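Basically the numbering used here = 1-based index in the sequence shown + 93.
Virtual Cβ for every residue (Gly too), placed ideally from N, Cα, C.
Bear in mind the structure is a predicted one, so any value in this text is a computation, not a measurement.
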Amino acid sequence: MNETQSSAGNPPRVLIGEDQIRQRIAELAAELNRDYAGKQLLLVGVLKGAIIFMMDLARAIQVPLSLDFMAVSSYGDSTQSSGVVRIIKDLEENVEGKHVLVVEDIIDTGLTLTYVLQSISARNPASLKVCAFLRKQKALQLSVPVDYVAFDIPDVFVIGYGLDYAERNRNIPYVAVWEGETASSD
Numbered sequence: 094m095n096e097t098q099s100s101a102g103n104p105p106r107v108l109i110g111e112d113q114i115r116q117r118i119a120e121l122a123a124e125l126n127r128d129y130a131g132k133q134l135l136l137v138g139v140l141k142g143a144i145i146f147m148m149d150l151a152r153a154i155q156v157p158l159s160l161d162f163m164a165v166s167s168y169g170d171s172t173q174s175s176g177v178v179r180i181i182k183d184l185e186e187n188v189e190g191k192h193v194l195v196v197e198d199i200i201d202t203g204l205t206l207t208y209v210l211q212s213i214s215a216r217n218p219a220s221l222k223v224c225a226f227l228r229k230q231k232a233l234q235l236s237v238p239v240d241y242v243a244f245d246i247p248d249v250f251v252i253g254y255g256l257d258y259a260e261r262n263r264n265i266p267y268v269a270v271w272e273g274e275t276a277s278s279d
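Put into structure tokens, the structure is as follows:
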């Protein structure tokens, strides 16, 4: 079985293509350049899923910036959130007085993002905003603030462009609907 095939051997169904991703990142970078003109920006990537999006976005941004990372998880090996957030890696940089932009791969339940925002907000940044690569439809009903969104998507499990199923398929250069086997959530 090919790494990008489901257990039934089907290729993944492309939801967002490479060209669409490149174009939208250029548009987001232009917005960020305008909104953060004259400021030093700290991008905080939420690992592991946001790393590819964050790096492509960082390369497109023209304002001075630095990078840091947090690793949290609410999925494990499942396609559904477990409802429990685990901190795996905290920030190394002091964010007090800095303009922080949290870069998230996908907003689903909002649980992980809410936890990350509470944690960073308690450290007194000058500003705190969110840039999400993907936002599921059900997340539109949440009160989680998302300032920049690359794409709104249906409520399906997706892989590629940093997003995985059980640590596989992150390197696919597009976003696809995962139609393979599913692991049950706890």
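Comparing C-alpha positions only, which one of the options sits nearest to residue i?
i, options, result
"I109", "Y267, E272 and W271", "Y267"
"I181", "I118, S214, K191 and V139", "V139"
"G142", "V270, E272, Y258 and S159", "Y258"
"N217", "Q116, G190 and M148", "G190"
"A225", "L134, E260 and R117", "R117"
"L234", "L221, L135, Q211 and T202", "A small correction: the amino acid at residue 234 is Gln; Leu does not occupy that position in the sequence shown. If we check each option's Cα against that of Q234, T202 comes out closest."
"F250", "I199, P238 and V239", "I199"
Considering residue i, what are the terminal residues of the alpha helix (DSSP H) in which it resides?
i, result
"Y208", "L204 to S214"
"E111", "E111 to D128"
"A151", "I144 to A153"
Per DSSP, residue i forms a beta bridge with which residues?
i, result
"M163", "V139"
"V242", "A225"
"V270", "R106 and V251"
"S220", "H192"
"R261", "Y258"
Say the cut is 7 Å; is the CB of residue i nearer than that to a heavy atom of the ligand MN?
i, result
"W271", "Of the ligands one can find in the structure shown there are none, so the ligand MN has no counterpart to examine."
Does residue i pass the burial test, meaning 16 or more other C-beta atoms within 10 Å, or should it be called exposed?
i, result
"R228", "buried"
"D112", "exposed"
"V177", "exposed"
"N262", "buried"
"E185", "exposed"
Let's see if you can read the secondary structure: which residues bound the beta strand (DSSP E) around residue i?
i, result
"L184", "Taken as a continuous stretch (DSSP letters only), L184 belongs to no beta strand (DSSP E), as it is neither H nor E."
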